[in-house]
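Written out below as structure tokens is the structure these notes cover.
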Amino acid sequence: MSGTTHETLLVEEREDRVVVTLHRPEARNAISGLMIRELHTVCDLLERDPKLLLLTGHGGVFAGGADIAELLRRGREEALQGINSRLFERVRRLPMPTVAAVDGWALGGGAELSYACDIRIAGPDAVFGNPEPGLGILAAAGACWRLPELVGESVAKQVLLAGRNLDAQAALAAGLVIDVVPAEKLLDEAHALLDRMARSSAVALRLTKLVVDAPGAHPVADDLAQAVLFEGQDKQDRMTRFLEKKNRSKA
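Right under this line is the structure:
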């Protein structure tokens, strides 16, 4: 993707991660059809060359929702295409872990995009909400089934039916975010989180995510994934280093 120019995203490729900033400052980073298409190109990259993903928003806002002007023009056929939901599910299924660094508004489609990430970390002004019923529609890009999985049915219904917004502390209490950190440290803390994951075995992370995301009980999947890892050189090297360090500490 190096050299690719995007109109709605800022994309930075690093050795072990890709950093994507939603960038529509004139529209509070609202998720447009063009942004969806450009995010698909990011998914193309991360499926071909699996890396960690950090997703954030420009200017103290994650994403103020979907582009309402575009939604107004969409009809039944566009709804059946699942324009947003298919992209968000693709984000959810990326091979390596994904982190959303959220400050400011994450509403509607913006909230749903953050829900599709594996982990969310928040700034103090983060606000998550799904006001779609007030616009005569529902949160159809994953919130109706993904949010109950993340925070439980009761809190999800408060958000989806009663129009409750979750501020940063409420999101932390509900388990939606891993931490709330000062706004000026949000990206640093998000990168520190990715740094911790990057120190783990990439293959182990991929297989762990695959097993965790598998539907239903999956002891066989656990065994198969573990069998692959047990035969890998990475496991041999890491455990040997661990035992050598332990033995040196006893000497």
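Counting from 13, one number per residue, gives the positions in the sequence shown under the working numbering. Don't be surprised by glycine CBs; every beta carbon is placed ideally from N, CA and C.
With DSSP run on the structure shown, which of helix, strand or coil describes residue i?
i: residue 150; result: coil
i: residue 132; result: strand
i: residue 27; result: coil
i: residue 119; result: strand
i: residue 91; result: helix
i: residue 226; result: coil
i: residue 138; result: coil
i: residue 216; result: helix
i: residue 239; result: helix
i: residue 112; result: strand
i: residue 78; result: strand
Does the beta-carbon distance from residue i to residue j come in below 8 Å?
i: residue 59; j: residue 106; result: yes
i: residue 95; j: residue 45; result: yes
i: residue 113; j: residue 65; result: no
i: residue 133; j: residue 201; result: yes
i: residue 233; j: residue 136; result: no
i: residue 104; j: residue 128; result: yes
i: residue 184; j: residue 109; result: no
i: residue 33; j: residue 87; result: no
i: residue 28; j: residue 204; result: no
i: residue 30; j: residue 51; result: no
i: residue 142; j: residue 188; result: no
i: residue 192; j: residue 182; result: no
Distance check for residue j and residue i, CA to CA, integer angstroms please.
i: residue 250; j: residue 177; result: 44 Å
i: residue 230; j: residue 223; result: 7 Å
i: residue 55; j: residue 48; result: 11 Å
i: residue 158; j: residue 90; result: 21 Å
i: residue 215; j: residue 36; result: 35 Å
i: residue 240; j: residue 213; result: 13 Å
i: residue 257; j: residue 115; result: 40 Å
i: residue 117; j: residue 19; result: 21 Å
i: residue 126; j: residue 261; result: 43 Å
Discussion item. Using 8 Å as the cut-off, can you tell me whether the stretch 151–166 makes contact with the stretch 116–136, which would need three or more C-beta pairs spanning the two stretches below that distance?
Written reply: As far as the Cβ criterion goes, the stretch 151–166 touches the stretch 116–136, which means the pair count is three or higher.
Worksheet item: Enumerated in chain order, which unbroken segments of the alpha helix (DSSP H) with a length of 4 residues or greater are wholly contained in the stretch 15–75?
Response: The qualifying runs are 45–60.
Discussion item. Would the stretch 70–89 count as touching the stretch 28–44 if we require 3 or more Cβ pairs under 8 Å?
Written reply: With the cut-off at 8 Å, the stretch 70–89 and the stretch 28–44 touch.
Discussion item. Runs of 4 residues minimum, wholly inside the stretch 141–208: which ones carry the alpha helix (DSSP H) assignment?
Written reply: For the stretch 141–208, the full-length alpha helix (DSSP H) segments reaching 4 residues or more read 155–163, 165–172 and 180–185 along the chain.
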